[in-house]
Amino acid sequence: MSTTFNVPATIVTGAGASRELAPQLARLGARRVLFVTDAFMEKSGLAARFIRELKQGGIDVVLFAGVQPDPTDENVRAGLRAYVAGKCDAIVALGGGSSIDAAKSIAILTTNAEPLSQYQGYHQVPRAGAPLVVIPTTAGTGSEVTKVAVITDTARDVKMMMLDRHLLPTVALVDYELTLSMPPALTAHVGVDTLTHGIEAYVSRKATALTDPLALACIRLVAEHLETAWREPQNHAAREGMMLAATLGGMAFANSSVALVHGMSRPIGAVFHVPHGLSNAMLLPVVTRFSLPGAESRYAVVARTMKLCDAGIADADAARALISGLERLNTSLQIPRIREAHGVEQASFEKALSKMADDALASGSPANNPVVPTAGEIIRLYQEAW
Ligand code: NAD
Numbered sequence: 340m341s342t343t344f345n346v347p348a349t350i351v352t353g354a355g356a357s358r359e360l361a362p363q364l365a366r367l368g369a370r371r372v373l374f375v376t377d378a379f380m381e382k383s384g385l386a387a388r389f390i391r392e393l394k395q396g397g398i399d400v401v402l403f404a405g406v407q408p409d410p411t412d413e414n415v416r417a418g419l420r421a422y423v424a425g426k427c428d429a430i431v432a433l434g435g436g437s438s439i440d441a442a443k444s445i446a447i448l449t450t451n452a453e454p455l456s457q458y459q460g461y462h463q464v465p466r467a468g469a470p471l472v473v474i475p476t477t478a479g480t481g482s483e484v485t486k487v488a489v490i491t492d493t494a495r496d497v498k499m500m501m502l503d504r505h506l507l508p509t510v511a512l513v514d515y516e517l518t519l520s521m522p523p524a525l526t527a528h529v530g531v532d533t534l535t536h537g538i539e540a541y542v543s544r545k546a547t548a549l550t551d552p553l554a555l556a557c558i559r560l561v562a563e564h565l566e567t568a569w570r571e572p573q574n575h576a577a578r579e580g581m582m583l584a585a586t587l588g589g590m591a592f593a594n595s596s597v598a599l600v601h602g603m604s605r606p607i608g609a610v611f612h613v614p615h616g617l618s619n620a621m622l623l624p625v626v627t628r629f630s631l632p633g634a635e636s637r638y639a640v641v642a643r644t645m646k647l648c649d650a651g652i653a654d655a656d657a658a659r660a661l662i663s664g665l666e667r668l669n670t671s672l673q674i675p676r677i678r679e680a681h682g683v684e685q686a687s688f689e690k691a692l693s694k695m696a697d698d699a700l701a702s703g704s705p706a707n708n709p710v711v712p713t714a715g716e717i718i719r720l721y722q723e724a725w
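Residue numbers (the numbering used here): 340 to 725.
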């Protein structure tokens with residue numbers, strides 16, 4: 340069976356990669372860009388630094404700093420209005436997955452009709468959008484290199500997953516120095532998101548010969564660097580390792596797929612506004628235990644890659660070592676349980692279980708899992724993770 344592999348045409352990595360912004364936009368012929376970011380990036384002065392560089396390079400800028408964490412269709416509509424009113428011809432995204440996903444969605448709506456919800460799912464976007472240059476500041480979602488965007492549909496309280504090659508950024512500037520400012524909790528959440536990308540891409544039913552090496556490189560780098568980056572935010576080697584892991588993980592999962600952890604995580608984000616990386620982390624050990632029987636030898640490779648066991652031990656023992664390793668990692672990064680998360684009451688969680696299970700299944704991600712769950716099994720897994 341043949342498989343397809345898509346990544347952005349240009350990916351610039353390494354310290355200072357983001358200094359390439361103005362030259363890359365000039366190469367694309369951009370004259371007036373919509374600069375998509377969030378309030379924190381505006382307040383911190385980082386957006387201003389890039390806007391200055393653009394103006395010095397002769398490129399006009401319309402600033403849109405209205406992206407909220409886990410962005411909504413309303414954020415996208417507001418950004419699109421700013422693009423049209425400003426007569427822009429290209430888009431820049433600065434920030435985490437939220438700013439990048441909002442920018443991707445604005446980009447496709449410059450050439451494809453609204454509403455955005457019609458593009459939910461796989462390969463639904465008819466036309467390429469405006470040129471898009473992205474600068475990730477978390478490590479991360481990998482969104483800088485993926486053909487995926489996740490936007491909350493506010494009318495339905497659903498995090499819509501869209502996957503289409505027209506969502507690929509044109510250029511990704513992957514500069515780990517921008518992640519040095521991440522506080523420990525954010526480092527932990529987005530770091531486990533990265534690890535989840537690596538693991539799910541590797542055990543997915545859609546894993547390919549091209550995605551496997553990327554997924555394993557992602558997993559190895561997270562095992563080597565995440566706890567150091569969490570403990571020592573200014574450790575450049577650890578930050579660089581995590582940034583590379585995020586980008587490699589993004590290339591892997593977008594061309595393989597995510598699976599049950601992501602399928603179950605999005606509904607928690609949509610209903611209870613738990614940050615995406617955090618809800619992944621809360622689910623990862625429980626879902627991995629459930630999924631082991633479907634891909635024991637692959638999970639064993641993950642455990643060996645993370646150096647959680649001796650290289651020579653049997654697959655069953657290595658896979659078990661993976662579960663305890665993931666639980667230990669959560670404890671050491673101070674990942675709370677769902678019941679301890681801000682704003683999640685037990686009664687409303689229980690009331691939402693059946694909608695969350697249905698939304699998880701409808702997203703399609705659970706169908707890629709080594710063990711494909713029923714709605715009832717998903718509900719039990721949510722309860723186990725509670
Ligand atoms: P985020 O973009 O929501 O940012 C979280 C917070 O961290 C924001 O307040 C932001 O301003 C702040 N922040 C960002 N960079 C910082 C830095 N360097 N220093 C200090 N603060 C910083 O977080 P995220 O986890 O990167 O993105 C989450 C979103 O990405 C979710 O909506 C998720 O569904 C989506 N996602 C998308 C993909 C994809 O391929 N498109 C993959 C995974 C996740």
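Where is the CB? At the ideal position from N, CA and C, for every residue including glycine.
If you're wondering where the values come from, they're calculated on a predicted model, not measured in any experiment.
So, do the region 497 to 516 and the region 635 to 647 have three or more beta carbon pairs nearer to each other than 8 Å?
-> The region 497 to 516 is not in contact with the region 635 to 647.
Go through its chain and collect everything with a Cβ distance to residue 755's Cβ below 6 Å, but skip five positions before and after it.
-> Outside the displayed range of the chain (340 to 725) lies residue 755, so it cannot be described from this structure.
Could I get the ranges of all uninterrupted alpha helix (DSSP H) runs contained in the region 677 to 715, with 4 residues as the minimum, in chain order?
-> 685 to 701
Quick one: what's got a C-beta closer than 8 Å to residue 560's C-beta in the same chain, skipping five residues either side?
-> Beyond the five residues adjoining it in sequence on each side, residue 560 comes within less than 8 Å, by CB distance, of 580, 581, 583, 584 and 587 in the same chain, given in chain order.
What does residue 490 pair with, by DSSP beta-bridge criteria?
-> 499
For the region 454 to 471 against the region 512 to 520, are there 3 or more C-beta pairs whose distance is under 8 Å?
-> Between the region 454 to 471 and the region 512 to 520 there are fewer than three inter-stretch CB-CB distances shorter than 8 Å, so the stretches are not counted as touching.
Considering only residues of the same chain and omitting the five flanking positions on each side of residue 528, which have a CB-CB separation below 7 Å?
-> 614, 616, 617 and 620
With residue 405 as the anchor, note down where its alpha helix (DSSP H) starts and where it stops.
-> First-last for residue 405: 399 to 406, but that is the beta strand (DSSP E), not the alpha helix (DSSP H).
Who are the near neighbours of residue 346 in its chain, counting only those whose CB is closer than 6 Å to its CB and skipping five residues on each side?
-> 484 and 590
Give the C-beta separation of residue 418 and residue 386 to the nearest angstrom, bearing in mind that I take them to be a contact with Cβ-Cβ under 8 Å.
-> Actually they do not touch by this definition, with Cβ atoms about 14 Å apart.
Tell me whether residue 461 is buried or exposed, calling it buried when 16 or more other Cβ atoms sit within 10 Å of its Cβ.
-> exposed
Three-pair Cβ contact test at 8 Å for the region 653 to 663 versus the region 679 to 687 = No, the region 653 to 663 is not in contact with the region 679 to 687.
Coarse secondary structure for residue 475, derived from DSSP in three states | strand
Compare the Cα-Cα distances from residue 534 to each of 482, 605, 718 and 623 and report the closest residue.
-> It is 623.
Anticipated Cβ contact below 8 Å, residue 714 with residue 701, distance rounded = Actually they do not touch by this definition, with Cβ atoms about 10 Å apart.
So which of 532, 452 and 490 has the shortest CA-CA distance to residue 554?
-> Comparing C-alpha distances from residue 554 to each of 532, 452 and 490 shows the shortest one belongs to 532.
Are the Cβ atoms of residue 675 and residue 598 separated by less than 9 Å?
-> no
Hey, is residue 347 close to ligand 1, as in C-beta under 8 Å from one of its heavy atoms?
-> no
Under 8 Å Cβ to Cβ from residue 571, same chain only, skipping five residues before and after it: list those, please.
-> 577
Cα separation between residue 458 and residue 464?
-> 6 Å
Buried or exposed: which applies to residue 519, given that a residue is buried once 16 or more other Cβ atoms fall within 10 Å of its Cβ?
-> exposed
Alpha carbon to alpha carbon, how far is residue 445 from residue 492?
-> Rounded to whole angstroms, residue 445 to residue 492 spans 14 Å at the Cα level.
Measure the C-alpha to C-alpha separation of residue 343 and residue 487 and round it to an integer number of angstroms.
-> 15 Å
What are the residues that DSSP puts in a beta bridge with residue 429?
-> 372
Any heavy atom of ligand 1 closer than 8 Å to the CB of residue 378?
-> yes
Mind the definition here: the region 546 to 553 touches the region 393 to 406 only if three or more C-beta pairs lie below 8 Å; say whether that holds.
-> no
Residue 460 - partner residues in DSSP beta bridges = 501
Contacts around residue 630, its chain only, beta-carbon distance under 8 Å, and the 5 residues preceding and following it disregarded = Excluding sequence positions up to five before and after residue 630, its CB lies within less than 8 Å of the CB of 542, 598, 599, 638, 708, 709 and 710, all in the same chain and listed in chain order.
Among 379, 422, 398 and 420, which has the Cα closest to the Cα of residue 408?
-> 379
Residue 672 versus residue 666 - alpha carbon distance | Roughly 10 Å between the two C-alpha positions.
Anyone know if the C-beta pair for residue 369 and residue 395 falls short of 9 Å?
-> Taking 9 Å as the Cβ cut-off, residue 369 and residue 395 do not qualify as a contacting pair.
Cα separation between residue 375 and residue 683?
-> 30 Å
Confirm the yes/no value for this check: CB of residue 350, any heavy atom of ligand 1, distance under 8 Å.
-> no
Is residue 651 helix, strand or coil when you go by DSSP?
-> coil
Helix, strand or coil for residue 452, going by three-state DSSP, please let me know.
-> Residue 452 falls in the coil class under three-state DSSP.
Taking the alpha helix (DSSP H) that residue 538 falls in, what are its first and last residues?
-> 523 to 542 is the span of the alpha helix (DSSP H), which, as asked, contains residue 538.
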